[in-house]
Amino acid sequence: MSRAKTASVAGGGAKKMTLKRFKRYIPIYCLMLPGLLYLFINNYMPLPGLSVAFKQYNAGKGIYKSPWIGLKNFTYLFTTDDAWVITRNTIGYNLAFIVVNTVMAILVAIILSELTGKVKKFYQSAILLPNLISSVIIGYLVFAFFSVENGFINNSILKLFGKEAVSWYSEAKYWPFILIFVSAWKTVGYNCIIYLATLMGFDRSFYESAQIDGATKWQQIKYITLPLLKPTIIMLTLMAIGRIFYSDFGLFYQVPMNQGALYSTTNTIDTYVYRGLLQMGNISMSAAAGVYQSVVGFILVLAANLIVRRIDKDSALI
Amino acid sequence: MKKKMVAMLMASVMALSLCACGGSGGGDAAQSGGDGGAETAGGDSAADNGGASGEITKLIVAFPTWTGAPADTQKIQEAMNDITRDKLGIEIELQISDYGSFNQSMTLALSGGEQVDIVSTLGFTYANAVQQGYLTDLEENGLLSTYGSGIVDVMGQDNIDACRVGGVLYGLPNNRDMAQGRGCAAVATEYLEGIGYDLSGDSEIVRISVDELNDIYAQLHEKYPDKEVYRPSTSSMSQFSNVDSLGGSAFGVLLDNGKELKVENLFTSDFYKNYCGRIYDYNQKGYISQDAATDTTAATELVKAGTLMSYTTGGKPGSKAQETNLCGRDMTIFQTMDNYVSSTSVASFPWCIPITAANPEASMKYLNELYTNEELANVLAWGIEGEHYQVGEDGLADFADGVDASTSGWNHSMGWLMPNQFITHVWVGNSPTLWDEIQEFNETAVVSAASGFTFDTTNVANEVTAVQNVYNEYQASVEYGFVDPETGIAEMNEKMMSAGLQKIIDEKQAQLDAWAATK
Numbered sequence: 001m002s003r004a005k006t007a008s009v010a011g012g013g014a015k016k017m018t019l020k021r022f023k024r025y026i027p028i029y030c031l032m033l034p035g036l037l038y039l040f041i042n043n044y045m046p047l048p049g050l051s052v053a054f055k056q057y058n059a060g061k062g063i064y065k066s067p068w069i070g071l072k073n074f075t076y077l078f079t080t081d082d083a084w085v086i087t088r089n090t091i092g093y094n095l096a097f098i099v100v101n102t103v104m105a106i107l108v109a110i111i112l113s114e115l116t117g118k119v120k121k122f123y124q125s126a127i128l129l130p131n132l133i134s135s136v137i138i139g140y141l142v143f144a145f146f147s148v149e150n151g152f153i154n155n156s157i158l159k160l161f162g163k164e165a166v167s168w169y170s171e172a173k174y175w176p177f178i179l180i181f182v183s184a185w186k187t188v189g190y191n192c193i194i195y196l197a198t199l200m201g202f203d204r205s206f207y208e209s210a211q212i213d214g215a216t217k218w219q220q221i222k223y224i225t226l227p228l229l230k231p232t233i234i235m236l237t238l239m240a241i242g243r244i245f246y247s248d249f250g251l252f253y254q255v256p257m258n259q260g261a262l263y264s265t266t267n268t269i270d271t272y273v274y275r276g277l278l279q280m281g282n283i284s285m286s287a288a289a290g291v292y293q294s295v296v297g298f299i300l301v302l303a304a305n306l307i308v309r310r311i312d313k314d315s316a317l318i
Numbered sequence: 001m002k003k004k005m006v007a008m009l010m011a012s013v014m015a016l017s018l019c020a021c022g023g024s025g026g027g028d029a030a031q032s033g034g035d036g037g038a039e040t041a042g043g044d045s046a047a048d049n050g051g052a053s054g055e056i057t058k059l060i061v062a063f064p065t066w067t068g069a070p071a072d073t074q075k076i077q078e079a080m081n082d083i084t085r086d087k088l089g090i091e092i093e094l095q096i097s098d099y100g101s102f103n104q105s106m107t108l109a110l111s112g113g114e115q116v117d118i119v120s121t122l123g124f125t126y127a128n129a130v131q132q133g134y135l136t137d138l139e140e141n142g143l144l145s146t147y148g149s150g151i152v153d154v155m156g157q158d159n160i161d162a163c164r165v166g167g168v169l170y171g172l173p174n175n176r177d178m179a180q181g182r183g184c185a186a187v188a189t190e191y192l193e194g195i196g197y198d199l200s201g202d203s204e205i206v207r208i209s210v211d212e213l214n215d216i217y218a219q220l221h222e223k224y225p226d227k228e229v230y231r232p233s234t235s236s237m238s239q240f241s242n243v244d245s246l247g248g249s250a251f252g253v254l255l256d257n258g259k260e261l262k263v264e265n266l267f268t269s270d271f272y273k274n275y276c277g278r279i280y281d282y283n284q285k286g287y288i289s290q291d292a293a294t295d296t297t298a299a300t301e302l303v304k305a306g307t308l309m310s311y312t313t314g315g316k317p318g319s320k321a322q323e324t325n326l327c328g329r330d331m332t333i334f335q336t337m338d339n340y341v342s343s344t345s346v347a348s349f350p351w352c353i354p355i356t357a358a359n360p361e362a363s364m365k366y367l368n369e370l371y372t373n374e375e376l377a378n379v380l381a382w383g384i385e386g387e388h389y390q391v392g393e394d395g396l397a398d399f400a401d402g403v404d405a406s407t408s409g410w411n412h413s414m415g416w417l418m419p420n421q422f423i424t425h426v427w428v429g430n431s432p433t434l435w436d437e438i439q440e441f442n443e444t445a446v447v448s449a450a451s452g453f454t455f456d457t458t459n460v461a462n463e464v465t466a467v468q469n470v471y472n473e474y475q476a477s478v479e480y481g482f483v484d485p486e487t488g489i490a491e492m493n494e495k496m497m498s499a500g501l502q503k504i505i506d507e508k509q510a511q512l513d514a515w516a517a518t519k
């Protein structure tokens, strides 16, 4: 009896504590409200629209009155081996981008952090420049290199070594390398800024004491810089994995100049849907592809987070 | 404690005001959108009841041009409104987009419920628009017969019936060249003179055989080895064929000018094999640039720049003047096949009234005026007389003094898209009797047995998308001659078959049979 009473008193105490804590945080909750409202209106209210993917959309009837047709809108993705090819390409390229771009960005950030003065400013701006160029223009820059008749590579480099000209735009096998290179060239400048900002925030006394103890540059990087960068790396990588099922449309559509012969290695889910539905204008089928993309993306984020939590609990997002 | 309370109050006031700002912003937009809709609806019913009392109905007319809205769109709109304001009580707003983005902007506008009253389906594919339910039934409540009798008189019932989809009329054909001269090649005349080709025949379109054309190309290549002889495009194959691509897609076609209503697979036909073989041969001989598949510059631009000598085009009376204009060089048109009216040509881009039209009766009245009122049609086609164009003594229109093709504020060169081109002036450089010639051209052409058939893709939407993706992948390499047709076509066909090509062919045959039975 008395035990029960104490328990209830303790329960009441806990409730009081939460209420008190809630009251204390009211200003902060209020600050959160606009953001929440925005999220709700922008990200949650349209969710019922997902039903379009399972309907035969008819503008005359509107979204909610159009007839249900189950999974029929999804079948076009899976009637050929296209679903496999585009899923493989999307995930494969993004994994390669995550690895290559992260390594390159960290490398460049460390090099930049060692530079001083005007040179550093210059390099920092120069390396950021590609990120600001539109992908249509990048497509033509790449074309200037790889054009079969007038391209730099065929006319200058391959000729110099006495090699045969290659028709780059009809040989799919070269494009994984070209695209990964272009992506690195384009994004490293931007990614390295985040790493650089983190690097600049490190306590210099670590390095000073390391130097006094006679640590080489390499040892400083390996034992001080990289461990300190780890949380940033994990967070940025997790965020990239969250978007692993989305591809940079410009990179995959404009840079290979929309060449049919290259589809086997350049077709990703975004370009596939764009090409397939450009002619059809079928809203339900576009929505179906969007749902497929979201579901697979969602699963991948959860899986990646699970793995990170196993390895390092503090860095996991959820 | 008090301080804390004040701080809290301040913070919450700030947060509330912030979210009030955001919230009210959104609310306003939504509300004003709703108001706009209600207003137009209200205005329309008023116009219905009392056209005489001077109420003006405002309509939105949307169509594409190759380059987007010309500079003087506002002026043209005013001039058109001056004609119809008193007569019909209708004012319009022209909503002109460039061809490339027209489909997207129309899909967005119509699925979003935006008011559009009259729309051209060039680029905004008619069959898709019907399938997605964007268009109004034009015969509902006697719409066409009551307000559009002039249209029926101009176009003839046959042509109007050709726009029916599943028996329902969603669009009105426009008056233009319905037939197409198939198998035409445009060659810059100066190079023909260079190889000593005899052009004394003086006919507008020179009839030759494919072998003779090959011979001309061979001579051109020999004489001008640095210039590209021929540049294929994605539409070259259909322009150089006698197949009827039912419903506008190459998946399931009628061969041999559509003599019989038997749907066949184009990609296993002898015609396709021969066509690709010929282009492959061109490519092997170096007639075609190795960058042809990558370079999307229009062939006419390449001829203008002086790097290309020939390309495929569709022939019709006036095509010599048209191509000469586009290329900035004198062009000679050779034709190797018949003039042909395929099943889709009449209904390829009809004018329609979308479901978001505020007042379909007014839309139909206005369309009727566009088909029958010469003054209105001329303003839409050529602009304002004296400012954009002038009519010479021979009755041909030309640019007004001090204006040329690049400085004119209304030079969209889309006369053929307008509802009735035949009541507008003929442009200079053409024969004064051009419209009669086109009428005759339409009437004497070979007509496909399936003329007037439209294909409803609803049941095979998945297959069409999947097969289209395969076609996108292979078309350039196979049809531009970059792969050996022996292996390339077989590979493409196999992949299309697994994507459901046979199902599309069967569906087309079934719909075609049903259509033929009702005829």
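Line order of the protein sequences matches chains A and B.
Just so you know, the first sequence maps onto residues 1 to 318 in my numbering.
Just so you know, the second sequence maps onto residues 1 to 519 in my numbering.
Each residue gets a CB set at the ideal place from its N, CA and C atoms; glycine is no exception.
{"Query": "Three-pair Cβ contact test at 8 angstroms for the segment 103 to 119 of chain B versus the segment 350 to 360 of chain B", "Result": "yes"}
{"Query": "Range of the contiguous alpha helix (DSSP H) that encloses Tyr366/B", "Result": "Pro360 to Thr372"}
{"Query": "Beta carbon of Ile118/B nearer than 8 angstroms to that of Ser363/B", "Result": "yes"}
{"Query": "Tyr366/B burial status per 10 Å Cβ neighbour count (16 or more: buried)", "Result": "buried"}
{"Query": "Where Asn462/B meets chain A, residues with beta-carbon distance less than 8 angstroms", "Result": "Lys72, Asn73, Thr75, Tyr76, Thr79 and Met285"}
{"Query": "Rounded straight-line distance, which links the Cα of Phe102/B to that of Ala69/B", "Result": "11 angstroms"}
{"Query": "Between the CA atoms of Val478/B and Ser264/A - distance to the nearest angstrom", "Result": "16 angstroms"}
{"Query": "Residue range of the unbroken beta strand (DSSP E) whose run includes Arg231/B", "Result": "Glu228 to Arg231"}
{"Query": "Chain A within 8 angstroms of Lys87/B, Cβ atoms only", "Result": "no"}
{"Query": "Whole-angstrom distance between Asn368/B and Gly392/B, CA atom to CA atom", "Result": "28 angstroms"}
{"Query": "CB contact check: Asp312/A to chain B, cutoff 8 angstroms", "Result": "no"}
{"Query": "Span of the beta strand (DSSP E) around Glu139/B", "Result": "Premise fails: Glu139/B is in no beta strand (DSSP E) and is neither H nor E."}
{"Query": "Rounded straight-line distance, which links the Cα of Gly242/A to that of Val291/A", "Result": "15 angstroms"}
{"Query": "Inter-residue spacing [alpha-carbon to alpha-carbon] between Tyr282/B and Asp456/B", "Result": "37 angstroms"}
{"Query": "Thr232/A versus Thr198/A, Tyr207/A and Gln219/A, residue with shortest Cα-Cα distance", "Result": "Thr198/A"}
{"Query": "Contacts around Trp427/B, its chain only, beta-carbon distance under 6 angstroms, and the 5 residues preceding and following it disregarded", "Result": "Ala397"}
{"Query": "Whole-angstrom C-beta distance between Val182/A and Val255/A, which should lie under 8 angstroms", "Result": "6 angstroms"}
{"Query": "DSSP-derived helix/strand/coil call for Gln95/B", "Result": "strand"}
{"Query": "Buried or exposed by the 16-neighbour rule on C-beta atoms within 10 Å, applied to Asn43/A", "Result": "exposed"}
{"Query": "Straight-line gap, His425/B to Thr336/B (C-alpha atoms, nearest Å)", "Result": "30 angstroms"}
{"Query": "C-beta atoms of Leu192/B and Thr332/B nearer than 8 angstroms", "Result": "yes"}
{"Query": "Where the beta strand (DSSP E) containing Gly183/B begins and where it ends", "Result": "Gln180 to Ala188"}
{"Query": "Buried versus exposed, by CB contacts within 10 Å (16 or more), Ile41/A", "Result": "exposed"}
{"Query": "Inter-stretch contact at 8 angstroms, needing at least 3 Cβ pairs: the segment 165 to 183 of chain B / the segment 316 to 335 of chain B", "Result": "yes"}
{"Query": "Element boundaries [beta strand (DSSP E), containing Gly314/B]", "Result": "Leu308 to Gly315"}
{"Query": "Residue environment, Ser134/A, which counts as buried when at least 16 other CB atoms sit within 10 Å", "Result": "exposed"}
{"Query": "Thr271/A versus Lys20/A: straight-line alpha-carbon distance, rounded", "Result": "53 angstroms"}
{"Query": "Minimum Cβ-Cβ distance from Ser24/B to chain A less than 8 angstroms", "Result": "With a pLDDT of 37 at Ser24/B, under the threshold of 50, the modelled position of that residue is not reliable, and no figure is offered here."}
{"Query": "DSSP three-state assignment for Trp515/B, whether helix, strand or coil", "Result": "helix"}
{"Query": "Neighbour list for Asp291/B in chain A, Cβ cutoff strictly below 7 angstroms", "Result": "Ser147, Val148 and Glu149"}
{"Query": "At least 3 beta-carbon pairs within less than 8 angstroms: the segment 93 to 106 of chain A vs the segment 506 to 519 of chain B", "Result": "no"}
{"Query": "Burial state of Tyr223/A, where buried means 16 or more other Cβ atoms lie within 10 Å", "Result": "exposed"}
{"Query": "Where the beta strand (DSSP E) containing Asp72/B begins and where it ends", "Result": "Element bounds for Asp72/B: n/a, residue is neither H nor E."}
{"Query": "Alpha carbon of Gly260/A to alpha carbon of Gly306/B, nearest angstrom", "Result": "28 angstroms"}
{"Query": "Interface flag, Glu473/B vs chain A, CB-CB below 8 angstroms", "Result": "yes"}
{"Query": "Between the CA atoms of Asn267/A and Trp68/A - distance to the nearest angstrom", "Result": "30 angstroms"}
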